[in-house]
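Student:
Chains as they are written, first to last, in the working numbering: chain A, 48 to 302; chain B, 643 to 910; chain C, 9 to 470.
1. Taking the alpha-carbon positions, what's the residue 302 of chain A to residue 141 of chain C distance?
2. Are the CB atoms of residue 666 of chain B and residue 677 of chain B nearer to each other than 9 Å?
3. If you drop the 5 nearest sequence neighbours on each side, which residues of the same chain put their C-beta closer than 6 Å to that of residue 258 of chain C?
4. By alpha-carbon positions, which one of C:338, C:282, C:457 and C:286 ends up nearest to residue 308 of chain C?
5. Taking only beta-carbon atoms, is residue 101 of chain A less than 9 Å away from chain B?
6. For my contact list, residue 46 of chain C and residue 280 of chain C are in at a C-beta cut-off of 8 Å; report their separation, rounded to the angstrom.
7. With DSSP collapsed to three states, give me the class of residue 900 of chain B.
8. Which residues, taken in chain order from the segment 849-861 of chain B, show a beta carbon closer than 9 Å to some beta carbon of chain A?
9. List in chain order: all unbroken beta strand (DSSP E) runs of 3+ residues lying wholly within the segment 833-867 of chain B.
10. Residues of chain B with a CB under 7 Å from the CB of residue 149 of chain A: which are they?
11. Quick check on this structure: which residue in C:184, C:370 and C:82 has the alpha carbon closest to the alpha carbon of residue 389 of chain C?
12. Since residue 841 of chain B meets chain A, which of its residues come closer than 8 Å, beta carbon to beta carbon?
13. For residue 156 of chain A, go through chain B and note every residue whose CB falls closer than 7 Å to its CB, in chain order.
14. Are the beta-carbon atoms of residue 456 of chain C and residue 412 of chain C separated by less than 9 Å?
15. Quick one: residues in its chain with C-beta nearer than 6 Å to the C-beta of residue 291 of chain C, no 5 flanking neighbours on either side, listed in chain order?
16. Which residue marks the beginning of the alpha helix (DSSP H) containing residue 788 of chain B, and which one marks its end?
17. Just curious, the beta strand (DSSP E) that residue 50 of chain C is in, first and last residue?
18. Could you tell me the alpha carbon to alpha carbon distance between residue 126 of chain A and residue 897 of chain B, rounded to whole angstroms?
19. In the DSSP assignment, find the unbroken beta strand (DSSP E) run with residue 258 of chain C in it and report its ends.
20. From this set, C:465, C:435 and C:462, which residue's C-alpha is nearest residue 453 of chain C's C-alpha?
21. List, in chain order, every chain A residue whose beta-carbon is nearer than 7 Å to that of residue 844 of chain B.
22. Note down, in chain order, each residue of its chain lying with its Cβ closer than 8 Å to the Cβ of residue 684 of chain B, except the 5 sequence neighbours on either side.
23. Kindly provide the ranges of any alpha helix (DSSP H) runs that are 4 or more residues long and lie completely inside the segment 84-119 of chain A, ordered along the chain.
24. Quick one: grab the DSSP three-state call for residue 309 of chain C.
25. What do you get for residue 226 of chain C, buried or exposed, if any count of 16 or more other CB atoms within 10 angstroms of its CB means buried?
26. Give, in chain order, every residue of the segment 110-136 of chain C whose Cβ lies closer than 7 Å to some Cβ of chain A.
27. Opposite residue 6 of chain C in the DSSP bridges: which residues?
28. Only counting runs of 4 or more residues, tell me where the alpha helix (DSSP H) segments fall wholly within the segment 331-364 of chain C, in order along the chain.
29. Within the same chain, show all residues whose beta-carbon is closer than 7 Å to that of residue 818 of chain B, passing over the 5 residues directly before and after it, in chain order.
30. At what residues does the alpha helix (DSSP H) containing residue 20 of chain C begin and finish?
31. With a threshold of 8 Å (Cβ to nearest heavy atom), would residue 201 of chain C be considered close to the ligand HEM?
32. Please report how far the alpha carbon of residue 260 of chain C lies from the alpha carbon of residue 216 of chain C, in whole angstroms.
33. Any Cβ of chain C within less than 9 Å of the Cβ of residue 189 of chain A?
34. DSSP on residue 48 of chain A, reduced to helix/strand/coil?
35. For residue 161 of chain C, which of helix, strand or coil comes out of DSSP?
36. Consult DSSP for residue 297 of chain A and reduce its assignment to one of helix, strand or coil.
The following block contains the structure:
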């Protein structure tokens, strides 16, 4: 049996080559200039460029707003879907899950076109609305999943101990569904903060997000600056994942 | 009463959520080049789509072909690599296992743009000219972790003595693998393949950064370029409609079947 | 009517799910400070009843009173009762202390008072050093203690326990039984305890309510229930017993197993069919054949730790179970003696299957939701309602359900020394009782046939 552990070796090599090495290369390129010499110049350029910083801040703002709106709209929806008394049909659940299976660009395009025809000014408003369209299912699904699987006896125990239905909801069901909310946040926040095509469609290229700047730099041959910007994004992503882990520890650990 | 409001909320959300799709679907039945302009009922866009008789039709058709081909190849290879890797990982212990699991999680956690940029830099660094091969390699990179994660639970749920029992009864290791292990892993492999396939179909960013400059287009990149050019090819409307209806029907059938099977199991 | 001593009164409670009757007109009074156990096999309705007292289900009819107030429609959080759930239902997002303090915080008890009370109950359940622990890191027994602490810290009038020990191993269960009993004594509050374990019920309870299929079979103290079971179900369910058909010849004289015995029972009348229960430890077994009441031959003998368990065939062909401290080898000829006080005589619940039926045609009658062939009837018109009776021994059970006039499932079986007495539940959830020498198992699917000549049709007496 032990010999079969070697079966993982080819994949391990593959992972080093196609996952670890490329990430190291981002760092490598980020600290080089076009001539290949070591430099902090790319970062200096970013942090002193008012436009770039503003775009960066806007990206974070849009991602946070989008995530917040998705929670506000999605939690009640997931709650209703998971509640057998309020929702008996399995079809509604499928309808909410389905958009996750369809190419995001197509969905975004359809949304942008609709906004256009309805005469909405494409801008920050349509950007946010379109992103909520795109990512709401990704918030609903993990929350629904966890609510649906939650042991009914927790709610019963709470009301047995004197909790009103409202208290049962806030003191037991909401805290217990937090892991679902957190994975929802990951599934919504991460793609929104890094998107480029979606924002271009939804604002007719009027508003640039951080992803667009990365894409433009890479595509116009400014690899080093592009790599530096990617590294900044990686740091954001890293911090978000850490938040998730610490929340998890808070919920699970506590020894 | 509570139920009434709850249902209202759900259906309101669904109506808003599906409005763009319905809108596209409605206007797939008219010839007008400009969306939102109804010029009478027509199925011409559908005929165009299937006969390929349209402007720039060649590139849309080849984009569809590329998308399917890449997804099929990437998903197949990912399933193979992922399954073998999962068996290996399952039998590993300690640091090595931790390290490989950590690396395996990275492509799933990373935003597409980071995966795309990092692989782009890799190919530049190694002086590999970009095209089909690099796109497929890139897709395998972000698809395989999903296969590994689909197969691993099947291995942990499996009674560890099953494989040994087969050997004990006189099976050769290869026979035991084929006749005992593989059937147990199959459901995980199938769901891993489906996941990988849809991930590949959906991908835009990674393809965008690794396709090079040879003019290789998948559906996503085609739509992206098309939309940036300003006009959406009208034939995309029937295509989006067909895809939506197809996937909707498939999902509903799968879920109703599941529900019915569950009901049957309950009744027993 | 308003008995001050009764903290809980359950009055005529019925409940069904779909066409299945879970509780059938159940009435129970629980005294202040009592340890009352609802005992019965799974599916007997005991948990449903407990959940109704807690407020997680409402009866279709009937009412539940606590301290004289009708609480049938009161939501769970307003009821002065707390529950220890079967799988504990400890909140995984809270630690031990927070779990226990949960109810007190909801009731806005001051912080220092909460602290005092939580520490007191932690001490009571011997979990003093565990307040900061994550509940999922605790063992089953420890989780059990926290669940009990979480309930009693609120000082409920009544503590409800839903099979609280079923998830623990045997040793742990025995220890917890002693602790629960001790806790009940200290707290002085009413416990209502649900279990399917008869030994647990006998050990813990002041009063046992034996439930079967939604009906109360007997209410009594553990001693009453064990020594004087009121029917064959209770006798069979509680402890080991020999249950035989018998006949009350006259007061203080009963005949069973082919012999006449002196007994202490009176008032049954003369020559009345009865059921007789003799506990296996109450049969004296001896080598002295001549001085015994009757004789038997030992069939098997098994050592059970403290005593030997023997099966014997009596001189009149009945099989009896005997427990004794001495072993008697198989094939030994032995003498048996049963003392009058050890013979428990019970009214037969029924001696024949009776149903209300309807004449379909001259030789067809409908009862138990099926049409049966019967002997030609001249006395009755088609459509007329009649009384139908079938002797237990005249019902034929066959292996293939589809070959029977009616399909059914063996629901309960009782060995009566020389034959089996089966309760068969039909597809329409009605019962037919069968005496047979064939061996069936509980849950067997059977076909039911009755010969036309064995269907007795009489006028409906109103």
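Note that the Cβ used here is the ideal one computed from N, Cα and C, for glycine as well. The model shown is predicted, which means the values in this text are computed figures rather than measured ones.
Tutor: Taking the definition as stated:
1. Residue 302 of chain A sits at position 255 when you count from the first residue of the first chain. Residue 141 of chain C sits at position 133 when you count from the first residue of the third chain. Bear in mind that a pLDDT of 29 at residue 302 of chain A, under 50, signals an unreliable position, so the model cannot answer this.
2. The residue you call residue 666 of chain B lines up with position 24 of the second chain. The residue you call residue 677 of chain B lines up with position 35 of the second chain. In this structure, residue 677 of chain B lies closer than 9 Å to residue 666 of chain B by Cβ.
3. As a position in the third chain, residue 258 of chain C is number 250, starting the count at 1. So the list reads 278, once near-sequence residues are dropped.
4. Translated into the one-based positions of the third chain, residue 308 of chain C becomes position 300. The residue with the shortest Cα to Cα distance from residue 308 of chain C is C:338.
5. Position 54 of the first chain, counted from the start, is the residue given in the question as residue 101 of chain A. Judged by the 9 Å Cβ criterion, residue 101 of chain A is not in contact with chain B.
6. Start at 1 with the first residue of the third chain, and residue 46 of chain C comes out as number 38. Start at 1 with the first residue of the third chain, and residue 280 of chain C comes out as number 272. Residue 46 of chain C to residue 280 of chain C, Cβ: 32 Å. No contact.
7. Sequence index remark: in the second chain, residue 900 of chain B carries index 258 (1-based). Correct three-state label for residue 900 of chain B: helix.
8. 850, 851 and 861
9. none
10. In the first chain, the residue the question calls residue 149 of chain A occupies position 102. Within 7 Å Cβ-Cβ: 885, 886 and 889.
11. Within the third chain, residue 389 of chain C is the residue found at index 381, counting from 1. Cα-wise, what sits closest to residue 389 of chain C is C:370.
12. Position 199 of the second chain holds residue 841 of chain B. Near residue 841 of chain B there are no residues of chain A at all, since even the closest Cβ is about 11 Å away, more than 8 Å.
13. Along the first chain, one-based indexing puts residue 156 of chain A at 109. Going along chain B in sequence order, the residues near residue 156 of chain A (Cβ under 7 Å) are 865, 869 and 874.
14. By one-based count along the third chain, residue 456 of chain C stands at place 448. By one-based count along the third chain, residue 412 of chain C stands at place 404. Yes, the Cβ-Cβ distance between residue 456 of chain C and residue 412 of chain C is below 9 Å.
15. On the third chain, position 283 is the one that residue 291 of chain C refers to. Once the five neighbours on either side are set aside, the close Cβ partners of residue 291 of chain C are 330, 344 and 346.
16. Translated into the one-based positions of the second chain, residue 788 of chain B becomes position 146. Here the alpha helix (DSSP H) through residue 788 of chain B covers 774-799.
17. As a working mapping, residue 50 of chain C is identified with position 42 in the third chain. Residue 50 of chain C -> no beta strand (DSSP E), and no H or E assigned at all.
18. In the first chain, counting from the first residue as 1, residue 126 of chain A sits at position 79. In the second chain, counting from the first residue as 1, residue 897 of chain B sits at position 255. Cα-Cα distance, rounded: 20 Å.
19. Residue numbering aside, residue 258 of chain C sits at position 250 when the third chain is read from its first letter. Per DSSP, residue 258 of chain C belongs to the beta strand (DSSP E) from 250-258.
20. Stepping through the third chain from its first residue, residue 453 of chain C is reached at position 445. The shortest Cα separation from residue 453 of chain C among C:465, C:435 and C:462 belongs to C:435.
21. Here residue 844 of chain B is taken as the residue at index 202 of the second chain, counted from 1. Simply 150 and 151.
22. Start at 1 with the first residue of the second chain, and residue 684 of chain B comes out as number 42. Once the five neighbours on either side are set aside, the close Cβ partners of residue 684 of chain B are 671, 672 and 673.
23. 88-95
24. Numbered from its first residue, the third chain carries residue 309 of chain C at position 301. Residue state, collapsed to three classes: strand.
25. Counting from 1 along the third chain, the entry for residue 226 of chain C is found at position 218. With 16 or more other Cβ atoms within 10 Å, it is buried.
26. 110, 111, 114 and 115
27. Past the boundaries of the shown model lies residue 6 of chain C; chain C is included only from 9 to 470, so the question cannot be answered.
28. none
29. The count along the second chain starts at 1 and reaches residue 818 of chain B at position 176. Same-chain partners within the cutoff: 805, 808 and 809.
30. By one-based count along the third chain, residue 20 of chain C stands at place 12. That residue, residue 20 of chain C, is in no alpha helix (DSSP H); its beta strand (DSSP E) goes 14-25.
31. You won't find the ligand HEM in this model; it holds no ligand whatsoever.
32. Translated into positions along the third chain, residue 260 of chain C becomes position 252. Translated into positions along the third chain, residue 216 of chain C becomes position 208. If I take the Cα positions, the gap works out to 29 Å.
33. Within the first chain, residue 189 of chain A is the residue found at index 142, counting from 1. False, the Cβ-Cβ gap to chain C never drops below 9 Å.
34. Position 1 of the first chain, counted from the first residue, corresponds to residue 48 of chain A. With a pLDDT of 45 at residue 48 of chain A, under the threshold of 50, the predicted position of this residue should be treated as unreliable, though the coordinate-derived value follows. If DSSP states are grouped into helix, strand and coil, residue 48 of chain A belongs with coil.
35. In the third chain, residue 161 of chain C corresponds to position 153, counting from 1. Coil, per DSSP.
36. In the first chain, residue 297 of chain A corresponds to position 250, counting from 1. Only weak support exists for where residue 297 of chain A lies, its pLDDT of 49 falling under 50; the value from the coordinates is given anyway. DSSP places residue 297 of chain A in helix when its eight states are reduced to three.
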